[in-house]
Amino acid sequence: MLNLTPEQKQRRWLALGIVAFAYVLSFFQRFAPAGIAQDLAAAFNTSAASLGALAATYFYVYTVMQVPTGMLADTLGPRRILMLGGLIGGVGSFLFGFAPSFEIALFGRTLIGLGVSVTFIAMLKLIAVWFEESRFATLVGVCMLIGNLGSVLAGAPLSAVAQATGWRGVFIGIGVLSLLLAAACWLIVRDRPEGVGTPPAVKFDRTVLFTSLLSVVRNRDTWPAILVNTGTCGAFFTFAGLWTVPYLMQVHGMERSTAASHLSLWFGGFAVGCLLLGSLSDRIRRRKPVVIAATHVFAAVWLLLLVGISLPLLASYLLFALLGLATAGFSLTWACAKEVNPPMLSGMSTSVTNMGSFLAAALLQPLVGWIMDQGWHGETLNGARIYDLTAWRGGLLVVVACALVGALCSWWIVETGCRNIWAERQKARG
Numbered sequence: 007m008l009n010l011t012p013e014q015k016q017r018r019w020l021a022l023g024i025v026a027f028a029y030v031l032s033f034f035q036r037f038a039p040a041g042i043a044q045d046l047a048a049a050f051n052t053s054a055a056s057l058g059a060l061a062a063t064y065f066y067v068y069t070v071m072q073v074p075t076g077m078l079a080d081t082l083g084p085r086r087i088l089m090l091g092g093l094i095g096g097v098g099s100f101l102f103g104f105a106p107s108f109e110i111a112l113f114g115r116t117l118i119g120l121g122v123s124v125t126f127i128a129m130l131k132l133i134a135v136w137f138e139e140s141r142f143a144t145l146v147g148v149c150m151l152i153g154n155l156g157s158v159l160a161g162a163p164l165s166a167v168a169q170a171t172g173w174r175g176v177f178i179g180i181g182v183l184s185l186l187l188a189a190a191c192w193l194i195v196r197d198r199p200e201g202v203g204t205p206p207a208v209k210f211d212r213t214v215l216f217t218s219l220l221s222v223v224r225n226r227d228t229w230p231a232i233l234v235n236t237g238t239c240g241a242f243f244t245f246a247g248l249w250t251v252p253y254l255m256q257v258h259g260m261e262r263s264t265a266a267s268h269l270s271l272w273f274g275g276f277a278v279g280c281l282l283l284g285s286l287s288d289r290i291r292r293r294k295p296v297v298i299a300a301t302h303v304f305a306a307v308w309l310l311l312l313v314g315i316s317l318p319l320l321a322s323y324l325l326f327a328l329l330g331l332a333t334a335g336f337s338l339t340w341a342c343a344k345e346v347n348p349p350m351l352s353g354m355s356t357s358v359t360n361m362g363s364f365l366a367a368a369l370l371q372p373l374v375g376w377i378m379d380q381g382w383h384g385e386t387l388n389g390a391r392i393y394d395l396t397a398w399r400g401g402l403l404v405v406v407a408c409a410l411v412g413a414l415c416s417w418w419i420v421e422t423g424c425r426n427i428w429a430e431r432q433k434a435r436g
C-alpha cells in the first residue's frame, strides 16, 4: 500500500495525464497511414508492398526498441526517456510532413517510430510505481481509452482533413505538439515518489540487466501472454494500421468517409473495450476467462470478414464496433506478464510482451501488400492501385491466421488473481 502525501497524489495524476496525452499522439502516429493510405500511394506513386513498408517502418523500430525501453524505464526512469522520445518523434513528424520523396518520408517515419516507442512502456512503469497494484489493469484501461483518441482521430477526422487541406500540415502540427509534450514531461514527470518505501531504481549494470531479461524470457509463464499479444494485437496493427480503409472502399464499394468511419468505430470500440475489460478483470479478480472470451470473438469476426459478404450499413458498423471491443482483450496481457515476473522488472516484462505484436505488424504489413500485389491486374484510380476480392482475400488470410494464434494461446494464460504470483510460483517449483 502506497502512503503518498496529498502533493504526491496530485503530481501522479498530473504526470499520468501528460503521459496519456503523449500516448494519444503515439496512437495517432501508429495508425495515421490507414486514414491517408490513398493519399500516400498517390503522393509517392507506390505499390501496396512499398506502402506496407512505409507504414511498417514504425513497427520495425518500435519492435527493436521494446526491450531497450523496458531496460531504460527500469534504469534511467520514465522522465528522461519520455523527454528524448518527444524530441525525436517531433523531428520525425516534421520530416514526414515536409518529405519531397518516398525515401525522406521513410526516414521521417522511422524517427517517429523511434520517438514514440518509449511512451507506452514508460506509462506502464509510472502506473506500476506510482499507483496501487490492484488498480493496474483499470488504469491501463483508462489510459488506453484516452490514448485511443489518437487512433480515432487517425480514422475519419484525419481522412476528412487530408481531403480538405492536405495531409502534410497535420504532421507538421503534430511535430510541434510532440516538442511541447517533451518539455512538459521534463518539467512535471518524476520517476518515483520519494520517501514512501518504493523500490529504488535498478542500477545500470549490463550483466544484471541481461540476466533479468533472460529471467523474463525463460519464465514459461510469460510466453502465453506474449503469444496472445502477438496474435491478437499483431492482426489489429497489421490491418487497422494501413489496409482497412482501402479494403472497405475496394471490396465493399464504400465511400472514403464511410470506410474511415468504420475505422474510427473500430478504434472507438477498442478504446471503450480496454476500459471495460480492464475494469471487469479487476472486479472479478480474474484475467484468463476475459482474455479467452475476447480473443475468440475477435477471431470469429475475422473469419466473417474473410468471407467477404457485404452487410447492411448498420450491421457493418455494429460488426466493427464488436471487433473493437474484442480487440481490447489483448490489453490484459501486460498485466498477465507483469504478475508472473518480479515486481521490480515490471518495465521489462511488459516490454518483452509488447514486442510480439509490433514484430508481427512489421513483418505482416509488407507481406499483406506483397501478396496483394501478386493478384493485381494493373487497375489504378487517381494514381492508387485497385485490388479485387481475390487479391484482398490472400492478404486477409495472413491476418486471420494471426488472430487464430492469439485465440488458441489464450488457453495457456496463467491465472494470477490480479496479483503478483511470481514468488509463489517460484516456491511451488522448488
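When the letters of the sequence shown are read in order and numbered with this note's numbering, they come out as residues 7 to 436.
We put the beta carbon where it would ideally sit given N, CA and C, even for glycine.
Here the structure is a predicted model, which is why all the values come from computation and not from measurement.
Determine the extent of the alpha helix (DSSP H) in which residue i is found, giving its start and end residues.
i: Phe126; result: Thr125 to Trp136
i: Tyr393; result: That residue, Tyr393, is in no alpha helix (DSSP H); it is neither H nor E in DSSP.
i: Thr422; result: Per DSSP, Thr422 belongs to no alpha helix (DSSP H) and is neither H nor E.
i: Phe326; result: Leu319 to Thr333
i: Cys280; result: Arg262 to Ile290
i: Trp249; result: Premise fails: Trp249 is in no alpha helix (DSSP H) and is neither H nor E.
i: Thr1; result: What is shown of the chain runs 7 to 436, which leaves residue 1 out entirely.
i: Pro230; result: Trp229 to Val234
i: Cys191; result: Arg174 to Ile194
i: Pro12; result: Pro12 to Gly41
i: Asn154; result: Phe142 to Leu159
i: Leu112; result: Phe108 to Val122
Using the Cα positions of residue i and residue j, report the straight-line distance between them to the nearest angstrom.
i: Gly237; j: Trp308; result: 12 Å
i: Leu155; j: Phe102; result: 21 Å
i: Gln35; j: Pro372; result: 18 Å
i: Gly76; j: Gly353; result: 5 Å
i: Ala162; j: Gly247; result: 13 Å
i: Trp417; j: Lys294; result: 8 Å
i: Lys433; j: Ala341; result: 21 Å
i: Gly314; j: Leu82; result: 49 Å
i: Leu187; j: Ile24; result: 7 Å
i: Ala99; j: Arg435; result: In the sequence on display, residue 99 carries Ser and not Ala. Looking at the two C-alpha atoms, the distance is approximately 49 Å.
i: Lys209; j: Thr228; result: Residue placement at Lys209 is poorly supported in this model, since its pLDDT is 48, which falls under 50; the coordinates are not used for a value here.
i: Thr125; j: Leu117; result: 14 Å
i: Gly259; j: Ser270; result: 18 Å
i: Leu410; j: Ala305; result: 6 Å
i: Tyr253; j: Ala241; result: 15 Å
i: Phe137; j: Pro74; result: 24 Å
i: Ile178; j: Val257; result: 33 Å
i: Arg291; j: Arg399; result: 40 Å
i: Ala300; j: Asn360; result: 18 Å
i: Cys415; j: Leu324; result: 27 Å
i: Pro348; j: Thr171; result: 50 Å
i: Leu164; j: Asn9; result: 44 Å
i: Leu328; j: Thr11; result: 42 Å
Taking 8 Å as the cut-off, decide whether the C-beta atoms of residue i and residue j are in contact.
i: Phe273; j: Val405; result: no
i: Ser322; j: Cys424; result: no
i: Leu132; j: Leu22; result: yes
i: Ala105; j: Gly91; result: no
i: Ser316; j: Gly153; result: no
i: Gly95; j: Ser184; result: yes
i: Val278; j: Leu320; result: no
i: Val176; j: Val167; result: yes
i: Phe65; j: Phe245; result: no
Please work out which residues of its chain come closer than 6 Å, Cβ to Cβ, to residue i, disregarding the five sequence neighbours upstream and downstream, and give them in chain order.
i: Ser337; result: Met150 and Cys280
i: Ala390; result: Gln44, Ala47 and Ala48
i: Cys239; result: Phe336 and Ser363
i: Tyr68; result: Gly119, Ser123 and Phe364
i: Glu385; result: Ile392
i: Leu402; result: Leu312
i: Trp173; result: Ile42 and Asp45
i: Phe326; result: His268, Leu271 and Trp272
i: Gly412; result: Val234, Gly237, Thr238 and Thr301
i: Thr339; result: Ala231, Val234, Asn235 and Thr359
Note down, in chain order, each residue of its chain lying with its Cβ closer than 7 Å to the Cβ of residue i, except the 5 sequence neighbours on either side.
i: Pro205; result: Per-residue confidence for Pro205 stands at a pLDDT of 49, beneath the threshold of 50, marking its modelled position as unreliable; no derived number is given.
i: Ala429; result: none
i: Ala62; result: Ala367, Ala368, Gln371 and Pro372
i: Ile419; result: Pro230, Ala231, Val234, Arg293, Lys294, Val297 and Cys342
i: Trp382; result: Arg391, Tyr393 and Ala397
i: Ala55; result: Pro372, Gly375, Trp376 and Asp379
i: Ser357; result: Gln72, Val73, Thr75, Gly76 and Ile127
i: Phe50; result: Phe108 and Ala111
Give every residue of the same chain whose Cβ lies closer than 8 Å to the Cβ of residue i, excluding the five residues on either side of it in the sequence, and list them in chain order.
i: Thr52; result: Leu46, Leu60 and Phe108
i: Thr422; result: Arg293, Ala341, Cys342, Glu345 and Val346
Could you check whether the Cβ of residue i sits closer than 8 Å to any Cβ belonging to chain C?
i: Gly401; result: In the displayed structure, chain C is absent; only one protein chain is listed.
Are there three or more Cβ pairs, one per stretch, closer than 8 Å when the segment 172-191 is compared with the segment 81-91? yes
Is the number of C-beta pairs between the segment 226-237 and the segment 134-151 that are closer than 8 Å three or more? no
Would you check if there are 3 or more beta carbon pairs closer than 8 Å linking the segment 373-383 to the segment 216-226? no
Three or more C-beta pairs below 8 Å linking the segment 259-273 and the segment 28-48: yes
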